[in-house]
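Colleague:
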Amino acid sequence: MADRADLDEARVAFLIAPSFDHIAVQWGIWRAGGIGVPLPMGSPASDVDYFVRDADASAVVCDAQYASMVAPIAKSAGAALFTTDDLLRAPVRQESESGDFPIDGARRATMVYTSGTTGRPKGVVATHANIAAQIESLVSAWEWSAADRTLLVLPLHHVHGIINVVCSALWCGATLEVLPRFDADATWDRIASGELTVFSAVPTIYHRLIQSWESATAEVQRGRSSGCGAVRLMMSGSAALPRQVLERWREISGHLLLERYGMTEVGMALSNPLHGERRPGFVGSPLPGVSIRLVDDRCEAAPDGQPGEVQLKGAGVFSEYWRRPDSTNEAFKNGWFLTGDIAIRENGAYRLLGRSSVDIIKSGGDKLSALEVEDVLRTHPAIAECAVVGVDDPEWGQCVCAAVETRAGCALSLAELREWAKPRLAPYKIPRDLMCVSKLPRNAMGKVIKPEVTAFFAPPAPPERQAP
Ligand code: MLC
Ligand code: AMP
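Mapping the sequence shown onto my numbering, position 369 (from 1) lands on 369, and the numbers just tick up by one.
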């Protein structure tokens, strides 16, 4: 592989913590003509194995600390293995030192894995042209410039971190600082320095930053709040921004967070304005280069104030699910990408109402399929049947909860289940609450009634007491 002049869209999977190394490896893959497949940090070996095989990766690059976990996987999948030390500390070859390199926009550039309702995660393939369109849209809407300085606190296997932070900053020569993982105090230290101008995160991170600010001394609080004054733009997305977080953050930082909406398959689609009125609870209007329509149950355009599915078109929309032509076909209708998100439009701005499927859960900005978790839980020897639901939670947005019917004579605790699940599920997919029930609620067709399961964990609030 090292001798090839052009990787010719070979997939290179990489398991590297957010860092200069991570970004250098991604750029190197692009320069060499390959498709970069960033893998989630914290993945159990079973997931790494799945991603490497599904992507049919020719090579895997990892931080040295993961080499012993990745080596047997790469070997059995027939992929070459490199550590970042092997690649980045090797002498640079003369011919690769030139600055510019031509990239054909139609070439496939990245494959980011995402969960759908059914089956295992799918590789979302974006071309260089898709990525360029996604970045240009944000650089223009949010007025990124070389004078900006931002801090990455997000993982780099999602479009939020890749496109909205890293690529947008580097596209226009802004300064990018990188934390290997989110840390509330370290993030506050950088905000308090007064050097950052742009900051983007998911609601769970703002929740954590608020908690950290509240537990700091009055002097530290003043320094942190004052540092926020230097930031020109603070954004939230990837999950619904709770009103309490928006309001408390405004009190602490003086910023009304700019909320926007996006998806792995399209990059960003809707945004509140940089200048002008930001409406709490709304995700704004289409970003440059994005066309949107809302389609109701009867497959007709939903009028203002009526719910419909968000459907999108634009140069940033992905090209295909890797080696899944049926899924790709099902995801589009007449060239429109069907997001599965339900929204309404009021006075030109969009408000999200939820997803068409209850089986997609968003926890801490990470998306997962309840059905995928159920498939794994059913292999537990004590579990006869189970139902996984997302339960509203002030910190995580939604929490993964499992109701299970245990086999006769078996008992199961949450701690046991979580321990068992560690090598089988990514950390954010492991249930945070467990309820053992004698029978799951089912409808006449025998299908589990998920809203009733959700109510086990979060009983509906009692009706408001009537005034006498
Ligand atoms: C970590 N844990 C999670 C979790 N992330 N549990 C549920 N949901 C998650 N998302 C687990 C840890 O493994 C650990 O498990 C426990 O929670 C506490 O760990 P922590 O150290 O406190 O959490 P941390 O590792 O700090 O992670 C929290 C987080 C992270 C919010 C920083 O989840 C995160 O970076 N989320 C952002 C995801 C993102 O970028 N989404 C964008 C998708 S793109 P244990 O067992 O050890 O207790 C997209 C499109 C768009 O959506 O519009 O942007
Ligand atoms: P992902 O597939 O991980 O990229 O997640 C995309 C999904 O995140 C979208 O389909 C939405 O359901 C959700 N999402 C993104 N931004 C927002 C937002 N601002 N508010 C609510 N949901 C959002």
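C-beta atoms are modelled at their ideal positions from N, C-alpha and C, and glycine is treated no differently.
Suppose the cutoff is 6 Å on Cβ atoms and the five residues either side in sequence are ignored; what does the same chain contact list for Lys-367 look like?
Modeller: The answer, listed in chain order, is Ser-115.
Colleague: Entirely within the segment 41 to 116 and at least 3 residues each: give me those beta strand (DSSP E) ranges in chain order.
Modeller: Runs found: 59 to 62, 80 to 83 and 108 to 114.
Colleague: Have a look at Ser-253 and Ala-17 and give me their C-alpha separation to the nearest angstrom.
Modeller: Ser-253 and Ala-17: Cα-Cα distance of roughly 29 Å.
Colleague: Would the beta-carbon of Ala-80 be found less than 7 Å away from any heavy atom of the ligand AMP?
Modeller: For the ligand AMP, not one heavy atom lies less than 7 Å from the Cβ of Ala-80.
Colleague: Could you give the residue range of the beta strand (DSSP E) that holds Tyr-261?
Modeller: Run containing Tyr-261: 258 to 263, per the beta strand (DSSP E) assignment.
Colleague: Does the distance from the CB of Val-373 to the CB of Gly-316 come in under 8 Å?
Modeller: Cβ distance not < 8 Å, so Val-373 and Gly-316 don't count as in contact.
Colleague: Which ranges would you report for the beta strand (DSSP E) in the segment 351 to 389 if only whole runs of at least 3 residues count?
Modeller: Qualifying beta strand (DSSP E) stretches, in chain order: 360 to 363 and 366 to 369.
Colleague: Let me know if Gly-305 comes out buried or exposed under the rule of 16 or more other beta-carbons within 10 Å of its beta-carbon.
Modeller: Exposed: under 16 other Cβ atoms inside 10 Å.
Colleague: Name the residue from Val-25, Val-12, Leu-7 and Ser-46 whose alpha carbon lies nearest to the alpha carbon of Arg-424.
Modeller: Among Val-25, Val-12, Leu-7 and Ser-46, the Cα nearest to that of Arg-424 is on Ser-46.
Colleague: Out of curiosity, what's the CA-to-CA distance linking Leu-440 and Pro-102?
Modeller: Near 58 Å, if we compare the C-alpha coordinates of Pro-102 and Leu-440.
Colleague: What did DSSP end up calling Asp-148 once you bin it into helix, strand or coil?
Modeller: Looking at Asp-148 - three-state DSSP - the assignment turns out to be coil, as it is neither helix nor strand.
Colleague: Using CA coordinates, which residue listed in Gly-78, Gly-348 and Asp-63 is at the minimum distance from Glu-277?
Modeller: Of the listed residues, the one whose Cα sits closest to Glu-277 is Gly-348.
Colleague: In chain order, which continuous runs of the beta strand (DSSP E) of length 3 or greater are located wholly inside the segment 256 to 336?
Modeller: Those beta strand (DSSP E) runs which fall completely within the segment 256 to 336 and span 3+ residues are 258 to 263, 267 to 271, 290 to 295 and 308 to 314.
Colleague: Can you tell me whether Ile-35 is helix, strand or coil according to DSSP?
Modeller: Note: Ile-35 maps to strand in three-state DSSP.
Colleague: DSSP three-state label for Val-202, please.
Modeller: Three-state result, Val-202: coil.
Colleague: Taking 7 Å as the line, does the beta carbon of Trp-188 fall inside it for any heavy atom of the ligand MLC?
Modeller: Result no, Cβ not under 7 Å from the ligand MLC.
Colleague: Once you ignore the five residues that flank Pro-468 on each side, which residues in its own chain have a CB closer than 6 Å to its CB?
Modeller: For Pro-468, the predicted model reports a pLDDT of 41, less than 50, meaning its position is unreliable and no value from the coordinates is stated.
Colleague: Would a C-beta distance cut-off of 8 Å place Ile-430 and Val-400 closer than the cut-off?
Modeller: Result yes, Cβ atoms of Ile-430 and Val-400 sit closer than 8 Å.
Colleague: Distance, Cα to Cα, Ala-77 vs Cys-62?
Modeller: Distance between the alpha carbons of Ala-77 and Cys-62 is about 15 Å.
Colleague: Would DSSP call Glu-395 helix, strand or coil?
Modeller: Of the three classes helix, strand and coil, the one that applies to Glu-395 here is coil, per DSSP.
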